[in-house]
Structure formats: C-alpha cells, structure tokens
Amino acid sequence: MSYDIAIIGAGVVGSLIARKMSKYDIKIALVEKCNDVAMGTSKANSAIVHAGFDAMPGSLKAELNVRGTKLMGYLCDELSVPFKNIGSLVIAFSEEEMETLQELYDRGMENNVPGMKIIGQDRLHELEPNVSKRALGALWAKTASIVCPYELTLAAAEVAVLNGVDLYRNFAVNDIAFENEIFTIKAKNGKEIEAKYVINAAGIYSDYIASLIGDNSIEIVARKGEYLLMDKSLGGVVNHVIFQCPTKMGKGVLVTPTVDGNILTGPSAKDIEGKDDITTTTDELDMVRKYTSYSIPNVKLNAVITSFAGLRAHSTKGDFIIEPSKVNPHFINVAGIESPGLSAAPAIAEYVQDIMLDVCGRLPKKVKWHRTRPEPVRFRELSTVERRELIENDPAFGQIVCRCETVTEGEIIAACHGPIPAVDMDGVKRRTRAGMGRCQSGFCGPKVAEIIARERGKDLLEVTKFGDNSNIVVGKTK
Amino acid sequence: MLKYDLVVVGGGPAGMAAALKAKECGVEKILICERDETLGGILEQCIHTGFGLHYFGEELSGPEYAARFIEQVEKTDIDVKVNTMVLDITTNNVVIAINKQDGLMEISATAIVLAMGCRERPRGAISIPGTRPAGVMTAGTAQRFANIDGYLPGKEVVILGSGDIGLIMARRMTLEGAKVKAVCELMPYSGGLTRNIVQCLDDFDIPLKLSHTVTEIRGKDRVEGVTISKVDGNLKPIPGTEEYIPCDTLMLSVGLLPENELSRSVGIRLDKVTGGAVVDQYRETNHEGIFACGNVLHVHDLVDFVTQEAQTAGEGAANYILGKKEYADYRIHTKGINGVRYVVPQRISMDGSEEPVKLYFRVGQVFTNATVKVTRNGNVIYAKKKRKLAPGEMENIVIKPEDLQDFSEGDYLFIEVEG
Ligand SMILES: Cc1cc2nc3c(=O)[nH]c(=O)nc-3n(C[C@H](O)[C@H](O)[C@H](O)COP(=O)(O)OP(=O)(O)OC[C@H]3O[C@@H](n4cnc5c(N)ncnc54)[C@H](O)[C@@H]3O)c2cc1C
Ligand SMILES: Cc1cc2nc3c(=O)[nH]c(=O)nc-3n(C[C@H](O)[C@H](O)[C@H](O)COP(=O)(O)OP(=O)(O)OC[C@H]3O[C@@H](n4cnc5c(N)ncnc54)[C@H](O)[C@@H]3O)c2cc1C
Numbered sequence: 036m037s038y039d040i041a042i043i044g045a046g047v048v049g050s051l052i053a054r055k056m057s058k059y060d061i062k063i064a065l066v067e068k069c070n071d072v073a074m075g076t077s078k079a080n081s082a083i084v085h086a087g088f089d090a091m092p093g094s095l096k097a098e099l100n101v102r103g104t105k106l107m108g109y110l111c112d113e114l115s116v117p118f119k120n121i122g123s124l125v126i127a128f129s130e131e132e133m134e135t136l137q138e139l140y141d142r143g144m145e146n147n148v149p150g151m152k153i154i155g156q157d158r159l160h161e162l163e164p165n166v167s168k169r170a171l172g173a174l175w176a177k178t179a180s181i182v183c184p185y186e187l188t189l190a191a192a193e194v195a196v197l198n199g200v201d202l203y204r205n206f207a208v209n210d211i212a213f214e215n216e217i218f219t220i221k222a223k224n225g226k227e228i229e230a231k232y233v234i235n236a237a238g239i240y241s242d243y244i245a246s247l248i249g250d251n252s253i254e255i256v257a258r259k260g261e262y263l264l265m266d267k268s269l270g271g272v273v274n275h276v277i278f279q280c281p282t283k284m285g286k287g288v289l290v291t292p293t294v295d296g297n298i299l300t301g302p303s304a305k306d307i308e309g310k311d312d313i314t315t316t317t318d319e320l321d322m323v324r325k326y327t328s329y330s331i332p333n334v335k336l337n338a339v340i341t342s343f344a345g346l347r348a349h350s351t352k353g354d355f356i357i358e359p360s361k362v363n364p365h366f367i368n369v370a371g372i373e374s375p376g377l378s379a380a381p382a383i384a385e386y387v388q389d390i391m392l393d394v395c396g397r398l399p400k401k402v403k404w405h406r407t408r409p410e411p412v413r414f415r416e417l418s419t420v421e422r423r424e425l426i427e428n429d430p431a432f433g434q435i436v437c438r439c440e441t442v443t444e445g446e447i448i449a450a451c452h453g454p455i456p457a458v459d460m461d462g463v464k465r466r467t468r469a470g471m472g473r474c475q476s477g478f479c480g481p482k483v484a485e486i487i488a489r490e491r492g493k494d495l496l497e498v499t500k501f502g503d504n505s506n507i508v509v510g511k512t513k
Numbered sequence: 009m010l011k012y013d014l015v016v017v018g019g020g021p022a023g024m025a026a027a028l029k030a031k032e033c034g035v036e037k038i039l040i041c042e043r044d045e046t047l048g049g050i051l052e053q054c055i056h057t058g059f060g061l062h063y064f065g066e067e068l069s070g071p072e073y074a075a076r077f078i079e080q081v082e083k084t085d086i087d088v089k090v091n092t093m094v095l096d097i098t099t100n101n102v103v104i105a106i107n108k109q110d111g112l113m114e115i116s117a118t119a120i121v122l123a124m125g126c127r128e129r130p131r132g133a134i135s136i137p138g139t140r141p142a143g144v145m146t147a148g149t150a151q152r153f154a155n156i157d158g159y160l161p162g163k164e165v166v167i168l169g170s171g172d173i174g175l176i177m178a179r180r181m182t183l184e185g186a187k188v189k190a191v192c193e194l195m196p197y198s199g200g201l202t203r204n205i206v207q208c209l210d211d212f213d214i215p216l217k218l219s220h221t222v223t224e225i226r227g228k229d230r231v232e233g234v235t236i237s238k239v240d241g242n243l244k245p246i247p248g249t250e251e252y253i254p255c256d257t258l259m260l261s262v263g264l265l266p267e268n269e270l271s272r273s274v275g276i277r278l279d280k281v282t283g284g285a286v287v288d289q290y291r292e293t294n295h296e297g298i299f300a301c302g303n304v305l306h307v308h309d310l311v312d313f314v315t316q317e318a319q320t321a322g323e324g325a326a327n328y329i330l331g332k333k334e335y336a337d338y339r340i341h342t343k344g345i346n347g348v349r350y351v352v353p354q355r356i357s358m359d360g361s362e363e364p365v366k367l368y369f370r371v372g373q374v375f376t377n378a379t380v381k382v383t384r385n386g387n388v389i390y391a392k393k394k395r396k397l398a399p400g401e402m403e404n405i406v407i408k409p410e411d412l413q414d415f416s417e418g419d420y421l422f423i424e425v426e427g
C-alpha cells in the first residue's frame, strides 16, 4: 500500500498526530509494533496534565506543555476520555524548599502558566488534611489535571481510524529505504508499506527509527519509573496531585488520585541499560513507599493492588525534538518526548500539523471529518434508569463479568468490535477496566478470555494477554 | 419493587444452607441471588474429594457436596435467580440486583443473609518484582481454566503459597501431566490442611519449600522462570540464597479475602483481622436484619463448618423475620489474645438464651501440646489440651450457658493459647 504519510508509533503522540492529520484528504498509515495502541510509555506514566512550571522558559517543552494543558480538557470532553481538573500542590518541608516554590512560581509566570498560588501551612492542610503536618506550604496550580492516558491514546487513534487512517498492528519497523522520493517502510513480520512522508513518533525507539534513514543525531536514554497502584478503598486520602519539591536527587515521588478513584504513587527514577526493561524491583518500590509516607504519613501502603513501570524517553539534548530530519526533510522526528509529553501531546499534534503543512504545502481538507468517536458505554457510571434502558435493548448489559469494576458482558463485546477492536486480554482491560480492580482479573480472567475467543471466532488457546507469545493457557486437559 | 421475607446474596454452600434453614424454620418468601451460572459457589470448581467428612460422614467432591444442597433447594419453593449479580444494598434493606432477563431489580427484604464468599489475593497485594507476563495467575483462576473450561494453564509450574487451593492445584496439574517444580511458602509452616500436604505434595514428590518466597518474575511474553529466595525471621529475603527455577507459570495461593464490598456499602462494621463482618452468635451484623455466614464472614478451610455456620445464620434470620428474635439486654465481646488471631462471633448478645455458644478461632502460629484457655475477669472458665494447633486449621470450642451468666455490658471473654 502506498500512503502520503506514515506515522510510526501509536502512542499518545502518534495517535493524536494521526487524528489531527486525518482532517486532510490524504492517505495516512499509523504503524505500531505491538498488538494494540498505547502499549508503550503512554500506558505507564503518572497520567498528570502538568500545569507547566517545570520546564525551562523558552524551551519547546514549556511552550507545548502550557498549550497542551490548555487544550486537554476540551479534547478529553470531545473524545469522552476520563479527565478531572483537580489541581496540583508542590509541598515544601523547609524554608529552603519554600524558596524553591517561589522559583517554580516565577518560572511558571515566565511560561505563562495561569492559576498558580503559593499557600501556607493552614490553607494546605485545609485542602489536604492528610498531608504531613511537617509541610510548611505549597505551590498550588489550579490548571493541573489528571487524565486516562491509554484511553486518550485509544480515543485519538479510533477517531483517526474512523476518518480513514489505516492502523497496522504488529508492524515493527526494522528497515526504511528511500528511493524516487518514496519511503519503503518494512516490518519485522515481512510486511511493507510506502509513504511520501514519515513521522517518527516511536517514543523510546525514536532514535533507532531515525537511524534507519541514517539520521544519527538523536540519542534517547531510557529512564525507568516504577509505581504502586492502590485500591479504591484509599480513595479520598488526597484530592490533588501532591508533588514533592524537586531536589538535586530528583523530582521526588508524587501521590495522586487517578480518574478511576484509585491512588497512584511513584515514580522512582533510574537510568537503565537497553530499552525494554520494564521490570519492577523491590528496591525502587521500597523507595516509592518511603517517599510516599514522607508526604502522606498515614497512607495505608498495604492496599497495593498492582505495581508497574514505565520508561522515560530522555533525549540527551534535554528538550523535545520536533523537526524535519537534517538527513531527509520528508522525515519528521518527534523525539525525546519525555514528561510532560502527555500534557503536551495535543499541542505537539498541532505543532506537527504546522510542520506538515510547511513541508507538504497546502493540503486539501476532507468534506466530512468525524471530530469524535462513538462514546463507549460505561455501565458503572450510569443511573438506574439508564441501566434499565440499556439492558432492555441488549440483555448482554445485564450480565456483570468483572465484579470489582462492574463491567458488563455488553461492554466487553463492544470492545471486541469497536473502531479498533480489542484483540487480547489487556486490550479489553484498557477499554473496559475488566480486570483492573482489586482482584486483578482473578475472577473475570477466564470469562473475559472466553468472550474474546467467542467474539473473534478463535479457540481459547489462541487468546493472549498482550499479543506475541503471551498466551493465557497452553493446552487442553486430558 | 419485588418483595421477599429473606434475600440471600450468594448461592454457594453458605447461601444455600442459610436459605434451607430459614425455610425449615417457617420463612415463606425466600430468594437466592447468585451471580454465577449455577448454584454451588466455589465448590463447582473443586472436583477433588475431601468435602463433607464432618457433615455427611462421607468423602464427596465439591460438586457432589453442592449437589446435595442444590437438590434440596429445588424441592422447596425457594426462588433462585442465577446469573444475577447483587450490585448494592441500601440501608433500608433494598437489594439492587441485575441480570439479563429481569434487567435491574429492586428487591425489598425483611432480612438479608450475606454469603458472597471470598476471592484470592492477587499478585499486586504481595508486590512481586520483575516483569508482568502472561502465566501469572491465582490458583483459583487456574482451577477454573482446568476444571470448568478444560484448558491447561501451564506446563511447568511454581506455586507461591501453600494454602489449600495451591496444594490442590499442585496435584491437579501433576495429574494433567504438568510438572510442578516447587511450592514456596513464606511462613515456616504451611497455611493448608495437613491432609492436603500429604495427599497433594508428598504423594507426588513435590517439594514444599518453607520460609521461601518468589523474589523475581522473568519472561517477556509468557513467564520464563522465577527466582526464589529463603527468608529470615522477619520474612525478608536473605541475599545469596537465590535460586532460579525455569517455568512457564507462577500460581499464587497467597490467601483469600472475604468479599465485603456490599457489606461496606451498607455500613456494616468489619473485623480488621478476619476481613468479614463483626457478628453475634446468630451471625447478625451491627445492621439489624442483615446476617453473614461462610467465607464472606471469615475464611473457612472446611465446607462442613460453612454449612453449620450458615444454618445458624438462617435460623437467626428466620427468628428475626418471624418476630421471634429475643432482643439482647446487653452484649459482651470475645477477643483472641496470646497466639489466637481471631474469634468468631466477635460478640455475644445476652438475650437470656439457654443455648451454648460455639466460638470459632484461628491461631497465628503453630503450637504443639498447648492449652486453649477461655478466661473472664482473670478466671479460667474453659481449658483444653491440644496436641497441635496450626494457622491452617480452624478450631472451635463450646461455651456452656452457665458460664455466660452475670456478665455486664462490654465485658470481654478472652481466648488464648498457653504453651
Ligand atoms: C514514569 C513516567 C511518568 C510520566 N508521567 C507523565 C505525566 O504525569 N504527565 C505527562 O505529561 N507526561 C508524563 N510522562 C511522559 C509521557 O508519558 C510521554 O511523554 C508520552 O507517553 C510519550 O508518548 P509517545 O507517543 O511519544 O511514546 P509511546 O507511548 O512510547 O509510543 C511510542 C510507540 O511507538 C511504538 N514503536 C516503537 N518502536 C517501534 C517500531 N520499530 N515500529 C513500530 N512501532 C514502534 C511503541 O510500541 C509505542 O507504542 C511520563 C513518562 C514516564 C516514563
Ligand atoms: C479451591 C478450594 C478448595 C477447597 N477444598 C476444600 C476441601 O477439600 N474440603 C472442604 O471441606 N472444604 C474445602 N474448601 C472450603 C469450602 O469449600 C469453602 O469454604 C466454601 O465453599 C465456602 O462457601 P461460601 O458459600 O461461603 O462461599 P462460595 O462457595 O465462594 O460461594 C459464594 C457465592 O456467592 C456468590 N456471590 C458473591 N457475590 C455475589 C453478589 N454480589 N451477587 C450474587 N452472588 C454473589 C458467588 O458467585 C459464589 O457462588 C475449599 C475451598 C476452596 C476455595
């Protein structure tokens, strides 16, 4: 197949670019090495829409963070992605740290961050009674929010697909040739596509993808962050995103509610060798525990339901790299998208759109463009009347499959037939939350696997957790 | 709105026995709501034998044990709704349930018996470091795949935790041709029944590694192996004792948690140790007219005791419904100390009853040749020598009515182990 544009990497960045560019009447491919979208860093991060006082004034990070955060609420509303504007608090434990707050505040002002305020001890404890009594004050940033990062990625990719973008999964790019103004992009599984332009949004691997056209200017080092996710019964222990003051030792760990009402703490920070080590370790998680109780002394750390790790794509240049490659101007690098990459993503998509209009010239717009996707049913959020109506129309919504998160069979079936069908257990989990609760799929796992097998016309033996060889069962009983 | 005298939430052995007892006591309109396809609860996937030795005096498989009760339920006019999940219970005893046929139902009940059973603790609850591949599952999930769906969950297996489900799955997997390489137990003793250790591990030469835990999971797509380490007296892994075991499956049998979301939502007081409701000897919770029994109240290792306890709850509910409940003048508390981890019931309603009170309890460590004592105000009112007491086996003692005279509000009955 030949395309006008091929986007490599279906993370939040690649997917939002795909959505933005799908407005134009051109042929676009979005290629992803995994079995689903949002399988990289976009599924394992702090899920915070940062206010924007962290990045250095004048940097691309600062500009796109503040702009992205401004766009995010509206975008999530449009795409029906869970989003909550809860505000953030950076807390200070010493006079020295109070000075750091002032620096952050000043930096925020330079970055044009609205809604910031330095507050004292009393106000802080009024806002967050569980924050350590030793805290002296905080920087309150009202624009900070929380979002569901994988749902945002999925929603963006779904809109792209609904507007005619071709999504290729299990397409691990390992070779790119350029001849007669056309890129031939080859995947490990032997498939190939052609495109006039390439957008490199491969996250942690964006340096590798650039190197495939001989562009060796980018170096990405992976820095791992580990997290603990706590049960919903802890919900309400904090109501804002709680940061610690950045020190020479690092940013400290944060404690935040998630959009689903759990509590997330982390991340640790460790440079790693290679790029696929997303293991969790006792040492790092212990550190997360230690720092967590520093901020919130009475948090019940035994309510952990799962732990996970994500990889920061740290560019040795220190800033986002979003520009046509020096080697080939038809190849656009979107690299080094580390935190606040999620917050900035809507603005990155705009920025890349401008670059594309620059390099391609004027592009024709589609006559009809779908701004959004059909809103997924979330049974647990419906009223009694709505639930009743739903079941009357389709009894599958009367069958609860995941009891921890109250997910119905109807929702799982819908996920298997959506614009980007879920094809594995984790895909169903990210789309419906089945298996994300406190029992972590202990109860619904077998049922979800059966439904996937049935809906996809496969045997249970072929159902995987997340593609490749991650099969759930290995044979039949005697 | 539907109206019932008694709604039983959960159709496992506890729910069925409670409903049957209430019927026998004369309650008219009874409904059992069960979210699974059939009655029977966890028993439906326990195809091994070992059920009913105490209650029926014979050794039955789980489904056989359940079948006896299902048959009895079918003979009565107890209404049963399967594939029906109870979503909520309101403070005025309205049960909100849902299924495909009836949609969303509001059912008003005079009394409610909670019999939701328990669920297994997942990996996250014990935070095992490493990768997060396919092939890490609780023993109960593996059991469901094998016994209900007919699929083999793995070929080379390490089991963490020596609870009964883990032990039983070790045998089951071996019989299916899988290799069970080790069962690791964090504690210096097994949490399972002795008979299961003998019949499920020893008979198949499966090593039981006490004071060991899994310290790392390896593998990208599917589990490729686990590292196990010995732990010290504080249960911390000892560096240098690591051993790598290649395997494709890690099964977790690291404990069960009573399923009390519904109880919590009605504001029922829970016991921090059992994870179940605080109840009196009739298994009535602090919310009048709501009773609890079976694994939702405290985790049982033998179904026979579940049945007994459920009958107590069923009778209590019947008395409440039929207006025969004697209101207590005051209540006293029971409390486990010195080696006794918990006691159920946690309180005794002093209503002038002439019945003895049976106290169930578990110890927190292994004791040999020890004495179980019950004291009030420093006086021993009960003492019995026990050859062995283990955390894996639930014990019970019976307190005679004459020993329950002349207490006053808020007094304590202490249960302890000496020796
Ligand atoms: C620990 C941590 C915490 C963070 N917290 C926040 C936060 O709170 N707020 C915030 O704004 N940002 C945060 N970030 C940053 C944010 O998560 C990232 O900036 C963002 O997710 C990057 O998205 P992406 O699409 O560039 O990368 P990814 O999501 O990694 O997407 C890249 C995609 O490319 C695919 N790919 C790779 N190689 C190939 C190939 N050869 N062929 C085909 N496809 C390929 C990958 O599979 C992947 O799906 C955090 C990051 C980390 C690691
Ligand atoms: C794997 C395993 C092996 C065992 N081996 C033995 C043995 O060898 N011998 C022995 O004597 N005992 C054994 N036991 C112990 C014994 O079987 C259990 O203790 C007993 O089944 C518990 O009964 P229950 O009714 O409390 O719970 P369950 O059997 O778990 O039943 C609870 C029921 O409630 C339903 N439910 C829960 N929530 C809702 C809701 N909201 N709405 C509707 N329905 C709901 C559930 O679907 C379930 O069917 C074993 C237990 C297990 C788990």
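Chains as they are written, first to last, in my numbering: chain A, 36 to 513; chain B, 9 to 427.
Ideal placement from N, C-alpha and C gives every residue a C-beta, glycine not left out.
From a predicted model like this one, the values you see are computed outputs, not experimental measurements.
Where the beta strand (DSSP E) containing residue i begins and where it ends
i, result
"R349 (chain B)", "348-352"
"L175 (chain B)", "No beta strand (DSSP E) contains L175 (chain B), which is instead part of the alpha helix (DSSP H) from 172-183."
"R258 (chain A)", "255-265"
"R324 (chain A)", "Unbroken run through R324 (chain A) is the alpha helix (DSSP H), 317-330; no beta strand (DSSP E)."
"Y390 (chain B)", "387-397"
Cβ of residue i within 8 Å of any chain A Cβ
i, result
"Y290 (chain B)", "no"
"N91 (chain B)", "yes"
"K163 (chain B)", "yes"
"T235 (chain B)", "no"
"D87 (chain B)", "no"
"Y159 (chain B)", "yes"
Listed by chain order, chain A residues near residue i by CB distance under 7 Å
i, result
"G360 (chain B)", "None at all; the shortest Cβ gap to chain A is about 39 Å."
Contact set between residue i and chain B, taken where Cβ atoms lie within less than 8 Å
i, result
"F343 (chain A)", "R140"
"E416 (chain A)", "Those do not exist, as E416 (chain A) stays about 13 Å from chain B at its closest Cβ, beyond 8 Å."
Under 8 Å by beta carbon: chain A residues contacting residue i
i, result
"K108 (chain B)", "I426, P430, A431, G433, Q434"
CB contact check: residue i to chain B, cutoff 8 Å
i, result
"V442 (chain A)", "no"
"Q279 (chain A)", "no"
"I298 (chain A)", "no"
"Q388 (chain A)", "no"
"L320 (chain A)", "yes"
"N504 (chain A)", "yes"
"F366 (chain A)", "no"
"K401 (chain A)", "no"
Beta-carbon separation (whole angstroms), residue i vs residue j, contact threshold 8 Å
i, j, result
"T291 (chain A)", "T327 (chain A)", "11 Å between Cβ atoms; not a contact."
"G111 (chain B)", "R406 (chain A)", "The pair is not a contact, with the Cβ atoms about 33 Å apart (cut-off 8 Å)."
"R347 (chain A)", "A230 (chain A)", "So it is not a contact: roughly 29 Å between Cβ atoms."
Continuous alpha helix (DSSP H) stretch holding residue i: start and end
i, result
"K96 (chain A)", "95-113"
"Y243 (chain A)", "241-246"
Neighbouring residues, chain A, relative to residue i (Cβ below 9 Å)
i, result
"S135 (chain B)", "L263, T315, T317, L320, V339, T341, S342"
"L270 (chain B)", "The contacting residues do not exist; L270 (chain B) stays about 10 Å from chain A at best."
Under 8 Å between C-beta atoms of residue i and residue j
i, j, result
"D256 (chain B)", "V509 (chain A)", "yes"
"L397 (chain B)", "V371 (chain B)", "yes"
"C54 (chain B)", "G34 (chain B)", "no"
"R21 (chain A)", "E440 (chain A)", "Residue 21 (chain A) is absent from the model: chain A starts at 36 and stops at 513."
"E67 (chain A)", "R204 (chain A)", "yes"
Chain-ordered chain B contacts of residue i [CB-CB under 7 Å]
i, result
"P292 (chain A)", "The premise fails here: P292 (chain A) is roughly 18 Å from chain B at the closest Cβ pair, so nothing lies under 7 Å."
"I507 (chain A)", "A142"
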